[in-house]
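A.B. asks: One structure is given below, represented as structure tokens, and several questions about it will come after.
Numbering (our numbering), first residue to last: 1 to 135.
As structure tokens, this is what we get:
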């Protein structure tokens, strides 16, 4: 498992930033999640959400350096799914864990098309993982 963690470009970049800033200023949590090939094959459907004082303050593409034109028509629906998922599955759990400021990553699946019934259904519940920053 450690080899997988160390092979991750994202983890390596986070640890490099922590070394530059000092670990006291850049606390880290490692969250492992199940690897789902369909999710990994769709980076445009990954989003990072920022919560401050238990309020969802920002939703960003997880891969913010990339432009995915196919998302433009779905932005309002994606936002609606993420906000609904936050309210129903994340907010109360984190409040009970005494966390007020945190970041969570989320995957929003595709809308099924009539000629493609094997596609994942739209909705933020397809795959979710989060990491917590300290208050």
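A virtual CB, placed ideally from N, CA and C, is assigned to each residue, including glycine.
Distance, Cα to Cα, residue 37 vs residue 88?
C.D. replies: On the chain shown, position 37 is the one that residue 37 refers to. On the chain shown, position 88 is the one that residue 88 refers to. Going by the C-alpha atoms only, they are around 26 Å apart.
A.B. asks: Given a cut-off of 9 Å on the beta-carbon distance, is the pair residue 62 and residue 43 in contact?
C.D. replies: The residue given as residue 62 occupies position 62 in the chain shown. The residue given as residue 43 occupies position 43 in the chain shown. A contact, by the Cβ cut-off of 9 Å.
A.B. asks: Residue 81: which of 10, 59, 12 sits nearest, CA to CA?
C.D. replies: Counted from its first residue, the chain shown places residue 81 at position 81. Of the listed residues, the one whose Cα sits closest to residue 81 is 59.
A.B. asks: Run through DSSP, which three-state label would residue 62 get?
C.D. replies: Taking the chain shown and counting its residues from 1, one reaches residue 62 at position 62. Coil, per DSSP.
A.B. asks: With DSSP as the reference, please indicate the residues paired to residue 56 in a beta bridge.
C.D. replies: What you label residue 56 is simply residue 56 of the chain shown in a count that begins at 1. In the DSSP output, where bridge partners are listed per residue, residue 56 has 51.
A.B. asks: So, for residue 48: in the same chain, excluding its five sequence neighbours on each side, which residues have a beta-carbon less than 7 Å away from its beta-carbon?
C.D. replies: Locating residue 48 in the chain shown gives position 48, where the first residue counts as 1. Correct list, in chain order: 60, 62, 103, 105.
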